[in-house]
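S.K.: Input: one structure, supplied below.
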Amino acid sequence: MDSRCAKMSWEEFDRALQQFDGYVAYDTSKDSSGGIFCAMVRSSKDKKLAVMGDTGRFSGEEKGKIKLCPLTVGNAQVLMEYFPYTKPCSHRSHAFTMGLGDRLGLATPGQLRAVKDAAVFPVLAQQSIRELNLTGRTFPEVIADAAFGVFQEGYRKGYGADGDHLKTKEQIRYALESGCSMITLDCSDYINDEAADLDGSERKQAYAAVPKEQRRYYEEKYLNRELNCVGQLSAEELEQIVLVFANAVDYAIDCYRFIQETATTEVDFELSIDEARAITTPAEHFIIASELHDAGVVPVSVAPHFTGEFEKGIEYQGNLDQFANDLVIHQQIADLFGYKLSLHSGSDKFSVFYMLQKVTKGRVHVKTAGTNWLEAVRVLANEDPVLYRKAHKYALAHRAEAAQYYHVTTDPLTIPNIDLLGDSYLPELLNLPASRQLMHISYGLLLSQPWFKEPFYALLHEKEESYYSNLIYHIGKHLKYLTAT
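What the sequence shown shows, in this note's numbering, is residues -1 to 483, in sequence order.
Right, dumping it as structure tokens:
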């Protein structure tokens, strides 16, 4: 215990807390540092941070010895200073890492209970700019919610915060200034997908327009050579790779250097090429990796566009044998250049997890996120069927609007008519691919509606243990296969 807290006690804290009617402390959160006693507390209506001692830096309502503080960004930032384990950190030294994400700001305690005994480093605060816009949140708010959840559970093993699928330096700067410990660069705006569709003569013509020095650079470096993992490239292969990816590689190098100049702490850099339209070939992966390496770029992970479909919230769709064969080569390239592979849209892809774990030897980053929201919706289906029915019908009526943000192929016509279903069957809709994916992609639309958001959050506060139990089961199912031996 901090020496400045020696004259205080938790018994005194609990007595002082009674001045605020209805608030009870989470015992797992109780900690002291720098002259304060601090704990997360809850009432039937909300959660707060209770502080006793030198409370001056926190903002909130003070009664007697206790200051009751709202869960704001400012209070989270002060909390991180007193208790550094609540601040995001690098995961570079960890083999198996998992992006969990939280679109509601409520999932962290359940996520931590799911991973606390597993050999995995959790990246809890994982959000893209698209997700921030759809949920009306900010990076500082996302990180604050994670920090309070970490403190609530007393979790001291470290966690990460991922500025996911960022496309511009302005977005990167925003994420870094907000406290993100990981940057995932999505360079798809610089990938020339159309060049992959050119026929022979069109490709030759387009390649001839590439600056002569750039053509000479790639040709001298990669033609007529036996390249590790991929062998010799034909002139046609190299031309297409240069046309499709050269600008993206240059942009990735530029952004990495920007991160190095801007960041004040260690930041994990991931390059995402999974948003390219075409499947990433081993030759493409090799040249991208080689160029990054020679430019001094040190990614923690790279996300290729793997064969098959990795749609939101449903199982892998594709040829598992082909995926396995491609995965082996991609892993060889990752090993050669010293980084991990990253699997995006990893939620519910149970059929690929065992081979992913075996091929990567457990050194891999897997991104999940949206199904944490679905487990919250499952609570709704169980506890408030009237509101769930309304939300389901709203999502179905606006499916086209939600689908513009995500690649989805499930057929909404296969979703059962909810008016013909009894209340007890409603949670089963979240196990059917089409209706599961419907609710998965509709989070932004629903959370923008006060008739949904306000009672939904109130329900999740009341039934938080049910939500945590769902997360423990759901994330645990992922970990069962991702850590199998």
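For every residue, glycine included, the Cβ atom is placed at its ideal position computed from N, Cα and C.
(1) Does DSSP put Met353 in a helix, a strand or coil?
(2) Where does Lys478 sit, in a helix, a strand or coil, going by DSSP?
(3) Using 10 angstroms around the beta-carbon of Leu480, count the other beta-carbons present and answer buried if the total reaches 16, otherwise exposed.
(4) Do Ala37 and Lys28 have their C-beta atoms closer together than 8 Å?
(5) Do three or more CB pairs link the region 436 to 443 to the region 364 to 373 at distances below 8 Å?
(6) Is the region 101 to 120 touching the region 465 to 473, taking contact as three or more C-beta pairs under 8 Å?
(7) By DSSP, does Lys365 sit in helix, in strand, or in coil?
(8) Can you tell me which of Leu130, Ser91 and Thr133 puts its alpha carbon nearest to the alpha carbon of Pro120?
(9) Can you tell me which of Ala93, Leu174 and Glu452 puts its alpha carbon nearest to the alpha carbon of Ala116?
(10) Is the beta carbon of Ile127 closer than 8 Å to that of Ile257?
(11) So who's on the other strand from Lys85, going by DSSP bridges?
(12) Which whole-angstrom value describes the C-beta separation of Leu428 and Arg387, a residue pair presumed to lie in contact below a C-beta threshold of 8 Å?
(13) Kindly list the residues whose CB is nearer than 7 Å to the CB of Pro425, restricted to its own chain and excluding five residues on each side of it in sequence; keep chain order.
(14) What are the residues that DSSP puts in a beta bridge with Ala159?
(15) Using CA atoms only, rank isn't needed, just tell me which of Phe304, Lys210, Ala332 and Val326 is closest to Lys347.
(16) Do Ser41 and Tyr80 have their C-beta atoms within less than 8 Å of each other?
(17) Quick check on DSSP: helix, strand or coil for Glu307?
(18) Report the residue from Tyr205, Arg213 and Ala159 whose alpha carbon sits nearest the alpha carbon of Ile181.
(19) Please state whether DSSP places Ile64 in a helix, a strand or coil.
(20) Roughly how many whole angstroms lie between the Cα atoms of Asn73 and Ala144?
(21) One question on the structure: do Thr260 and Leu334 come within less than 8 Å of each other, judged by their Cβ atoms?
(22) Less than 7 Å separating the Cβ of Ser340 from some heavy atom of the ligand ATP?
(23) Which value, in whole angstroms, describes the spacing of the CA atoms of Trp8 and Gly103?
(24) Would you check if the distance between the CB atom of Glu273 and the CB atom of Thr407 is smaller than 8 Å?
(25) Would Gln17 be called buried (16 or more neighbouring beta carbons within 10 Å of its own) or exposed?
(26) Do the region 291 to 304 and the region 329 to 345 make contact, defined as three or more Cβ pairs closer than 8 Å?
(27) Need the endpoints of the alpha helix (DSSP H) that Phe56 sits in, please.
(28) Quick one: what's Gly97 bridged to in DSSP?
(29) Please classify Asn245: does DSSP put it in a helix, a strand, or coil?
(30) Suppose you measure from the CA of Thr95 to the CA of His291; what does that come to, to the nearest Å?
(31) Which residues does DSSP list as the beta-bridge partners of Phe267?
(32) Could you check the C-alpha separation between Pro383 and Leu457 for me, to the nearest Å?
(33) Taking just the CA atoms, how far does Tyr205 sit from His478?
(34) Among the candidates Glu399, Arg397 and Ala389, whose CA atom is the shortest distance from the CA of Asp417?
(35) What is the residue span of the alpha helix (DSSP H) that Arg213 lies within?
M.R.: The structure says:
(1) helix
(2) helix
(3) buried
(4) yes
(5) yes
(6) yes
(7) strand
(8) Ser91
(9) Ala93
(10) no
(11) Answer by DSSP bridge pairing: none, since Lys85 is not bridged.
(12) Incorrect: roughly 13 Å between the Cβ atoms, too far for contact.
(13) Arg376, Ala379 and Asn380
(14) Ala123
(15) Phe304
(16) no
(17) strand
(18) Ala159
(19) strand
(20) 13 Å
(21) no
(22) As for the ligand ATP, it is missing from this structure, which has no ligand bound.
(23) 28 Å
(24) no
(25) exposed
(26) yes
(27) Unbroken run through Phe56: none, as it is neither H nor E.
(28) Val121 and Lys365
(29) helix
(30) 22 Å
(31) Ile181
(32) 12 Å
(33) Sequence inspection shows Lys at residue 478; the His mentioned does not correspond to that position. Taking the straight line from one Cα to the other gives about 48 Å.
(34) Ala389
(35) Lys210 to Tyr220
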